[in-house]
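Working notes, structure below.
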Amino acid sequence: MKLCVIFALICTTLAATSYEEKCTKDPEVGFCKALLPRWWFNVRTHQCEEFFYGGCGGNENRYETKEECEKTCADEKRIERPGGFTESLLYASVEDVCRRPPYTGYCLAFLPRFYYDATTNSCKPFVYGGCHSNGNNFETRRGCLDFCAPPVATQPTPSTA
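In mature numbering (1 follows the signal peptide of the UniProt record, and there is no 0), the protein residues as written are -15 to -1, 1 to 146.
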């Protein structure tokens, strides 16, 4: 019986350590100079975000695909939005995401993106550095509008009697 308890404690500790190593650290570009697109799990936003990996060094919070990152680290239910944007149901509303200012992040890539400007109800271009997105970050103007723009009310068609 004692052996089973000890084994269970060891397994729990290893799993927790594995999660800590694989999911909670900020992305590390590494010391090489390649620009390899990779994904990392951001514990602050509870999302997998893209960054550019140098090709060597770094830490374990680095995945080749968004799906691999989410499978390893994301544990809450998520909802797919128009434009391919995935938002956590537990942490942010659409309105909250779309009110956030554009955020370049601290990485040094030069990626043209769009953010939603809630004061003008329009999507505007900005430059994204490649990591630490705040969610208001879209690859296309259409994706930005589909996610953030208020729905357009349609007028009912008059019926002919």
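Glycine is no exception: its CB is placed at the ideal position from the N, C-alpha and C atoms. All values reported here derive from a predicted model rather than from experimental measurement.
Please give the ranges of any alpha helix (DSSP H) in the stretch 21 to 67, keeping only runs that are unbroken, at least 4 residues long and fully inside the region.
Every alpha helix (DSSP H) stretch that sits fully inside the stretch 21 to 67 and reaches 4 residues is listed by chain position as 51 to 58.
Residue 29 and residue 48 - do their beta-carbons sit closer together than 9 Å?
The residue labelled residue 48 in the question sits at position 63 within the sequence shown. The residue labelled residue 29 in the question sits at position 44 within the sequence shown. No, these two residues do not count as a Cβ contact at 9 Å.
Could you give the first and the last residue of the continuous beta strand (DSSP E) run that contains residue 16?
Here the question's residue 16 lines up with position 31 in the sequence shown. No beta strand (DSSP E) contains residue 16, which DSSP labels as neither H nor E.
Buried versus exposed, by CB contacts within 10 Å (16 or more), residue 52
Walking along the sequence shown from the start, residue 52 turns up at place 67. So residue 52 ends up on the exposed side.
Using 8 Å for Cβ pairs, my map puts residue 34 next to residue 118. What's the rounded Cβ distance?
Residue numbering aside, residue 34 sits at position 49 when the sequence shown is read from its first letter. Residue numbering aside, residue 118 sits at position 133 when the sequence shown is read from its first letter. Rounded, the Cβ-Cβ distance is 5 Å, consistent with contact.
For residue 105 and residue 41, I'd like the C-alpha separation in whole angstroms.
Here residue 105 corresponds to residue number 120 of the sequence shown, with the count starting at 1. Here residue 41 corresponds to residue number 56 of the sequence shown, with the count starting at 1. One C-alpha to the other measures close to 43 Å.
Host beta strand (DSSP E) of residue 108 (start-end):
Looking up residue 108 in the sequence shown gives position 123. Per DSSP, residue 108 belongs to the beta strand (DSSP E) from 107 to 113.
Apart from the five residues just before and just after residue 16, which ones in its own chain have a Cβ nearer than 6 Å to its Cβ?
Within the sequence shown, residue 16 is the residue found at index 31, counting from 1. 42, listed in sequence order.
Suppose the cutoff is 7 Å on Cβ atoms and the five residues either side in sequence are ignored; what does the same chain contact list for residue 95 look like?
Within the sequence shown, residue 95 is the residue found at index 110, counting from 1. Cβ neighbours of residue 95 beyond the five flanking positions: 112.
For the beta strand (DSSP E) that contains residue 96, what are its first and last residues?
One-based indexing of the sequence shown puts residue 96 at position 111. 96 to 102 is the span of the beta strand (DSSP E), which, as asked, contains residue 96.
Excluding the 5 residues preceding and the 5 following residue 27 in the sequence, name in chain order all residues of the same chain whose CB lies nearer than 6 Å to its CB.
Your numbering for residue 27 matches position 42 in the sequence shown. Hits under 6 Å: 34.
C-alpha distance - residue 136 paired with residue 55, whole-angstrom precision
Within the sequence shown, numbered from 1, the residue matching residue 136 stands at position 151. Within the sequence shown, numbered from 1, the residue matching residue 55 stands at position 70. Their backbone Cα atoms lie some 30 Å apart in a straight line.
Starting from residue 126 and walking both ways along the alpha helix (DSSP H), at which residues does that stretch end?
Walking along the sequence shown from the start, residue 126 turns up at place 141. Here the alpha helix (DSSP H) through residue 126 covers 126 to 133.
With a threshold of 16 other CB atoms inside 10 Å of the CB of residue 89, please say whether the residue is buried or exposed.
What you label residue 89 is simply residue 104 of the sequence shown in a count that begins at 1. Classification of residue 89: buried, given that the 10 Å Cβ count is 16 or more.
Using the Cα positions of residue 83 and residue 31, report the straight-line distance between them to the nearest angstrom.
Taking the sequence shown and counting its residues from 1, one reaches residue 83 at position 98. Taking the sequence shown and counting its residues from 1, one reaches residue 31 at position 46. So the alpha carbons of these two residues sit roughly 17 Å apart.
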